[in-house]
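For reference, the structure discussed in these notes is given below.
Number of protein chains: 2
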Amino acid sequence: MSSTSEQRTFHDELVRHLLIFPSGVPGVWALSEVFESVLRRFDTRVRALAAEDGAERLHFPPALPRRLLERTGYLDFFPHLVGTVFSFAGSEEEARELGRRARDGESWAELQAPTDLALTPAACYPVYPMLSGVLPESGRTVEVQNHCFRNEPSGDPGRLQFFRMHEVIRLGRPETVLAWRTAWQHRSLALLGSLELDAETVQASDPFFGRAGKMLAAGQREQELKFEIVVPIATEVPTAVCSFNYHQGHFAALFGITLPDGSVAHTACLGFGLERVTLALFRRHGLDPEEWPRSVRAALDG
Amino acid sequence: MSSTSEQRTFHDELVRHLLIFPSGVPGVWALSEVFESVLRRFDTRVRALAAEDGAERLHFPPALPRRLLERTGYLDFFPHLVGTVFSFAGSEEEARELGRRARDGESWAELQAPTDLALTPAACYPVYPMLSGVLPESGRTVEVQNHCFRNEPSGDPGRLQFFRMHEVIRLGRPETVLAWRTAWQHRSLALLGSLELDAETVQASDPFFGRAGKMLAAGQREQELKFEIVVPIATEVPTAVCSFNYHQGHFAALFGITLPDGSVAHTACLGFGLERVTLALFRRHGLDPEEWPRSVRAALDG
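Rendered as structure tokens:
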């Protein structure tokens with residue numbers, strides 16, 4: 210994926226101010242403590258909001274069973290974004306050949322075989338199979354913060370390959386889930402507004418793959434299943450920092466999550482892209498958080 | 210890798226008490242908030258000790274450039290532990306084939322190609338290439354906490370495939386680095402002792418691959434380059450929860466890290482396995498942290 214000169218300028222400023230350290234692979238950085246500290250403070254704000262919902266917190270590694278992506282249709286919709294984990298299971302002779310090829314700059318891909326793991330593409334994916342069974346009458350609310358991976362190398366600082374997503378997931382009756390989504394839309398706009406970010410809600414669709422994907426995206430828009438909160442990051446064209454997805458019964462039917470009356474539950478989730486929010490704050494208020502307006506620093510610290 | 214009946218019993222107790230949630234792939238779990246809260250509190254204790262050293266904190270995603278493992282010899286020493294990231298870059302027709310195979314339970318591995326990324330095998334690996342150049346006279350101290358991956362599926366709860374390592378890395382003159390290592394050995398024993406864990410130091414070697422690896426391990430022991438602090442986790446046979454590695458000039462020579470007099474710097478690191486320390490605490494003090502001795506809870510909270 211290409212990047213514009215405005216995006217490259219912002220990227221280079223972040224590097225010059227020692228906020229990010231490029232690894233050599235596009236979209237994979239080390240972050241400074243200054244960057245991380247802003248991210249952590251914002252993350253704590255989201256956690257405090259989720260606590261008001263009584264959300265149950267779960268913690269995941271950055272990978273999940275490959276089988277889970279095979280079951281959920283993720284591979285049909287987003288085959289281009291998936292990262293799978295491969296490893297070596299050969300003989301000593303093959304290990305020597307692997308080492309030799311690596312030293313000589315030759316490909317050693319064919320000496321790798323797939324493991325049972327894939328990188329987590331969205332923070333909520335590993336949650337659904339854990340909740341198989343009958344929900345309480347009031348449903349459930351779960352909160353996670355995961356490292357996610359999407360295979361989209363880019364020079365746009367707003368598009369990392371590895372990034373953290375803070376998600377809240379609601380499971381219950383359709384009307385419960387929809388009312389929750391609306392409440393969080395207002396909460397999220399208020400949170401971002403308190404940080405003086407120019408946030409607005411837009412109808413959105415997922416980046417489904419290929420020609421058939423265009424139809425899926427149109428259907429998603431028509432049913433108003435997805436919207437995003439966008440703010441300017443590297444350019445004046447705003448980028449999504451928060452995404453709301455209403456899955457209807459998709460995940461619950463797959464994993465047997467039902468309401469007490471036996472009907473399939475509905476699910477929805479919202480996710481904040483933590484690096485994106487942090488970048489938007491640097492873009493809006495400058496590269497030194499000590500110099501940000503007192504009101505913004507106070508809002509960040511809750 | 211197999212597991213003993215004692216290990217399986219401890220694993221099942223953790224599951225029954227809702228502290229861990231197996232994913233279906235051995236060594237890949239979700240963690241409860243109770244588990245994570247203990248881990249976080251221990252992590253904060255290590256961070257406070259590193260702050261006394263004036264350590265600079267850096268933050269990394271769970272992957273690094275594959276090229277870095279190719280350059281450092283990691284692939285020669287530990288080819289069996291490495292995880293590489295593969296992805297799809299094919300046509301719409303190939304995407305349909307991929308989706309069909311996944312649904313039908315056939316292999317879709319050959320439709321995946323290697324990316325430029327590998328999973329981070331040890332938390333300090335991405336640090337060294339960032340420090341190319343001349344160190345200050347007093348050297349540098351860097352601190353990281355990373356998700357690491359090692360391809361060793363096992364039923365032993367003390368051996369996760371994804372786990373977090375809190376590392377401190379010291380770069381400087383050989384005598385500086387060695388004195389630092391000794392100081393941290395005492396600090397680490399004191400920290401684990403304050404949590405009433407039966408911790409002791411042992412000479413150790415890395416799990417080098419194959420027959421040649423046996424010689425490497427012997428040399429590492431002879432030169433006293435590695436030691437570990439071990440405590441009982443799932444069984445009375447103790448497991449390493451903290452590992453100290455003295456690399457001499459290995460990484461510094463590779464990445465051009467020098468002292469002001471132009472000589473190659475030496476480096477050492479120590480890493481706490483955060484899930485292992487947490488498991489050792491549950492094993493030692495019981496599965497409900499509210500019931501732990503007051504002195505242990507106080508030490509955990511610093």
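Top to bottom, those sequences are chains A and B. Heads up: the first sequence begins at 210 in the working numbering, then just goes up one per residue. Heads up: the second sequence begins at 210 in the working numbering, then just goes up one per residue. Beta carbons are placed, not taken as given, at the ideal position from N, Cα and C, and that holds for glycine. It should be emphasised that the depicted structure is a prediction, and the values quoted were computed from it without experimental measurement.
### Message
Pop quiz: A:Leu228 and A:Ser241 are said to be a contact at Cβ under 8 Å. What is the actual Cβ separation, rounded to whole angstroms?
### Response
Yes, they are in contact, since the Cβ atoms of A:Leu228 and A:Ser241 sit about 5 Å apart, within 8 Å.
### Message
Just to confirm before moving on: does the CB-CB distance between A:Ala318 and A:Val294 stay below 8 Å?
### Response
Taking 8 Å as the cut-off, the beta carbon of A:Ala318 is found no closer than this to the beta carbon of A:Val294.
#### Entry: Beta-bridge pairing of A:His475 - partner residues as DSSP gives them
A:His475 pairs with A:Gly381.
### Query
So which residues on chain B does A:Glu301 lean against when the C-beta distance must stay under 7 Å?
Near A:Glu301 (Cβ distances below 7 Å), the residues of chain B are Gly419, Arg420.
### Query
Taking 8 Å as the CB-CB limit, is B:Leu328 close to chain A?
At a cut-off of 8 Å, the C-beta of B:Leu328 has a neighbouring C-beta in chain A.
### Query
Going along chain B in order, which residues have a C-beta closer than 7 Å to the C-beta of A:Met339?
Residues of chain B with a Cβ closer than 7 Å to the Cβ of A:Met339 are, in chain order, Phe230, Ala239.
### Message
Closer than 8 Å between beta carbons: that is the criterion. Which residues of the region 248 to 273 of chain B meet it against chain A?
### Response
So the close ones are Glu265, Arg266, Leu267, His268, Phe269, Pro270, Pro271, Ala272, Leu273.
### Query
B:Gln216 by DSSP, collapsed to three states: which one?
In this structure, B:Gln216 counts as helix in the three-state DSSP scheme.
### Message
Taking a contact to mean a Cβ-Cβ separation below 8 Å, would you say A:Ala355 touches A:Val291 in this structure?
### Response
The sequence given here has Asn at residue 355 of chain A, not Ala. Here A:Asn355 is not near A:Val291, since their CB atoms are 8 Å or more apart.
### Message
How far does the alpha helix (DSSP H) with B:Arg368 in it extend, from its first residue to its last?
### Response
Run containing B:Arg368: none; DSSP gives neither H nor E here.
### Query
Can you name the residues of chain A whose CB is closer than 7 Å to the CB of B:Ser212?
Under the 7 Å cutoff, chain A gives no residues; its nearest Cβ is about 17 Å from B:Ser212.
### Task
Grab the span of the beta strand (DSSP E) containing B:Ala332 for me, first residue to last.
Neither: B:Ala332 is in no beta strand (DSSP E) and is coded neither H nor E.
#### Entry: Cutoff 6 Å; reference A:Leu479; Cβ partners in own chain excluding five residues on either side
Taken in chain order, the residues that qualify are Val377, Trp393, Phe453.
### Task
Kindly indicate which three-state DSSP category B:Phe481 falls into: helix, strand or coil?
Correct three-state label for B:Phe481: strand.
### Message
Could you tell me which whole beta strand (DSSP E) segments of length 3 or greater appear in the region 385 to 454 of chain B?
### Response
As far as the region 385 to 454 of chain B is concerned, its whole beta strand (DSSP E) runs of at least 3 residues are 409 to 412, 435 to 441.
### Message
With a threshold of 8 Å between beta-carbons, can A:Gly495 be considered close to chain C, or not?
### Response
Given the protein chain composition of this structure (A and B), no chain C is represented.
### Query
Helix, strand or coil: which one does DSSP assign to B:Glu346?
Residue state, collapsed to three classes: coil.
### Task
Take A:Tyr334 and list the residues in its own chain whose beta-carbon comes closer than 8 Å to its own, dropping the five residues that flank it on each side.
So the qualifying residues of the chain are Leu273, Leu277, Leu278, Thr281, Tyr283.
### Query
Can you name the start and end residues of the beta strand (DSSP E) that B:Ser316 belongs to?
Here B:Ser316 belongs to no beta strand (DSSP E), and DSSP marks it neither H nor E.
### Message
Please return the same chain residues whose Cβ sits closer than 7 Å to the Cβ of A:Leu404, not counting the five positions on each side in sequence.
### Response
Spatial neighbours of A:Leu404 in its own chain (CB-CB distance under 7 Å, excluding positions within 5 residues in sequence) are listed in chain order as Leu490, Val505, Ala508, Leu509.
### Query
For B:Arg396 versus B:Ala477, is the C-beta distance shorter than 8 Å?
Going by C-beta atoms, B:Arg396 is not nearer than 8 Å to B:Ala477.
### Task
Starting from the C-beta of B:Phe371, find all residues in its chain whose C-beta is less than 8 Å away, skip the five residues before and the five after it, and write them out in chain order.
If you ignore the 5 residues before and after B:Phe371, its C-beta comes within less than 8 Å of the C-beta of Gly236, Val237, Pro271, His356, Cys357, Phe358, all in its own chain and listed in chain order.
### Query
Which residue comes first and which comes last in the alpha helix (DSSP H) that contains B:Leu278?
Residues 275 to 281.
### Task
Can you tell me which of A:Leu434, A:Ile442, A:Ala449 puts its alpha carbon nearest to the alpha carbon of A:His459?
Distances from the alpha-carbon of A:His459 to those of A:Leu434, A:Ile442, A:Ala449 put A:Leu434 closest.
### Query
In whole angstroms, what separates the C-alpha of A:Glu302 from that of B:Asp497?
About 49 Å.
### Message
Would B:Val234 and A:Leu326 be called neighbours here (beta carbons separated by less than 8 Å)?
### Response
A:Leu326 sits close to B:Val234, with the two beta carbons spaced by under 8 Å.
### Task
Consider the Cβ of A:Ala304: report whether some Cβ of chain B lies at a distance smaller than 8 Å.
Taking CB atoms only, A:Ala304 has a neighbour in chain B less than 8 Å away.
### Task
Can you give me, in chain order, the residues of the region 349 to 382 of chain A that have a beta carbon less than 7 Å from any beta carbon in chain B?
Going along the region 349 to 382 of chain A in chain order, one finds His356, Asn360, Phe371 with a Cβ nearer than 7 Å to chain B.
### Query
Per DSSP, A:Ser504 is paired with what?
None, per the DSSP bridge assignment.
### Task
Quick one: list the residues of chain A neighbouring B:Val234, beta-carbon separation under 7 Å, in chain order.
Those within 7 Å of B:Val234 in chain A are Pro274, Asp325, Leu326.
### Contacts of B:Glu500 in chain A (Cβ-Cβ under 7 Å)
Within chain A, no residue comes near B:Glu500; the closest Cβ sits about 21 Å away, beyond 7 Å.
### Query
Based on Cα-Cα distance, which residue from A:Asp407, A:Ala399, A:Gly364 lies nearest to A:Ser214?
Nearest C-alpha to A:Ser214: A:Gly364.
### Query
Would A:Phe216 be called buried (16 or more neighbouring beta carbons within 10 Å of its own) or exposed?
Residue 216 of chain A is actually Gln in this sequence, not Phe. That one is buried.
### Query
What do you reckon, are the CB atoms on A:Phe297 and B:His456 nearer than 8 Å?
Contact flag unset, no.
### Task
Can you pull the chain B residues whose beta carbon is under 7 Å from the beta carbon of A:Val291, in chain order?
What A:Val291 touches in chain B: Ser296, Phe297.
### Message
Tell me which residue opens and which closes the beta strand (DSSP E) that B:Val243 is part of.
### Response
In the DSSP annotation of this structure, B:Val243 is not part of any beta strand (DSSP E); the continuous alpha helix (DSSP H) holding it starts and ends at 242 to 261.
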